[in-house]
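Final position of the sequence shown in our numbering is 190; the numbers increase by one with none missing. Positions of the beta carbon are idealized from the N, C-alpha and C atoms, including for glycine. Being a predicted model, the structure only gives us computed values, none of them experimental.
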Amino acid sequence: MRPSRPIPYTLHADGDASAASFSIEFRSTGGATGVFQVRSADGAQEPRSYTVEPGRQLTDAWDAASGYDLSVHGPNGFFRRFRGGAGGGQASLGVRARYSLPLEFSLEIENRGSEPVEVTVSDRYSSRSTDLSVKPGDPITERWSLGRTRGWYDLVVTVQDDPDLEYRYAGHLENGKASISDPGMGGLV
């Protein structure tokens, strides 16, 4: 583990499944342009790159009729993985990542289906899991303090009755202050 300087990135990549496609909205709300690379796990779709200026956003879509497994890579450990079954999978779930300072990460989870959904969010840094029962049309927001990890996070969202669905959110929340390299790589958490 090493000291790291503050960097001006604040990046977002939120996914949205439908019956035939999966779309990702890329945003840069920090002081620097962000470059995102998206790769398909099965290699069936070509890798794509996106450059998003501060204060801007863009959206792109992938064919998901037979399922999807997309990884989004960005600077300083920014990573998202969106995996789901054909036709959007069994669970109709909307998940949005949000940040707030000093160092707090939150997930807004919305059940777009007609039946309650049992969701588990696993924190890879603390090895703790949070179980949530999300009712239709009743969004839930869960928050994690990132003080102990100095802004680093790695959360995995799964659904009890949909083994194909897995969304992963990992990276570093910048707050304009010096930090440390990823403590997970150094074995400190």
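Simplified DSSP assignment, three categories, for residue i
i	result
Ala-87	helix
Ser-29	strand
Tyr-10	coil
Thr-167	A small correction: the amino acid at residue 167 is Glu; Thr does not occupy that position in the sequence shown. Strand, per DSSP.
Arg-144	strand
Gln-38	strand
Ser-22	strand
Asp-15	strand
Asp-155	strand
Gly-185	coil
Gly-177	coil
Pro-138	Per the sequence presented here, residue 138 reads as Gly, with Pro not at that position. Note: Gly-138 maps to coil in three-state DSSP.
Beta-carbon gap between residue i and residue j smaller than 8 Å
i	j	result
Arg-131	Val-122	The sequence shown places Thr at residue 131, rather than the Arg named in the question. Yes, the Cβ-Cβ distance between Thr-131 and Val-122 is below 8 Å.
Leu-104	Asn-176	yes
Gly-26	Thr-60	Before going further, note that residue 26 is Glu rather than Gly in the sequence given. In this structure, Thr-60 lies closer than 8 Å to Glu-26 by Cβ.
Leu-1	Gly-148	There is no way to answer for residue 1, as the model of the chain reaches only from 2 to 190.
Ala-65	Ser-22	yes
Pro-7	Ile-181	no
Gly-31	Pro-9	yes
Tyr-126	Thr-11	no
Identity of the residue in the options nearest residue i by Cα
i	options	result
Glu-111	Gly-16, Pro-9, Ser-5 and Thr-11	Gly-16
Arg-129	Tyr-154, Ser-182 and Leu-71	Tyr-154
Spatial neighbours of residue i in its chain, beta-carbon cut-off 6 Å, leaving aside the 5 residues before and after
i	result
Tyr-168	Phe-83, Val-96 and Val-158
Ala-62	Ser-22 and Ser-24
Residues near residue i in its chain [Cβ-Cβ closer than 7 Å; skip 5 each side]
i	result
Ile-141	Ile-110, Leu-133 and Val-135
Item to check | Residue ranges of each alpha helix (DSSP H) within the segment 44-131, 4 or longer | outcome: Those alpha helix (DSSP H) runs which fall completely within the segment 44-131 and span 4+ residues do not exist here.
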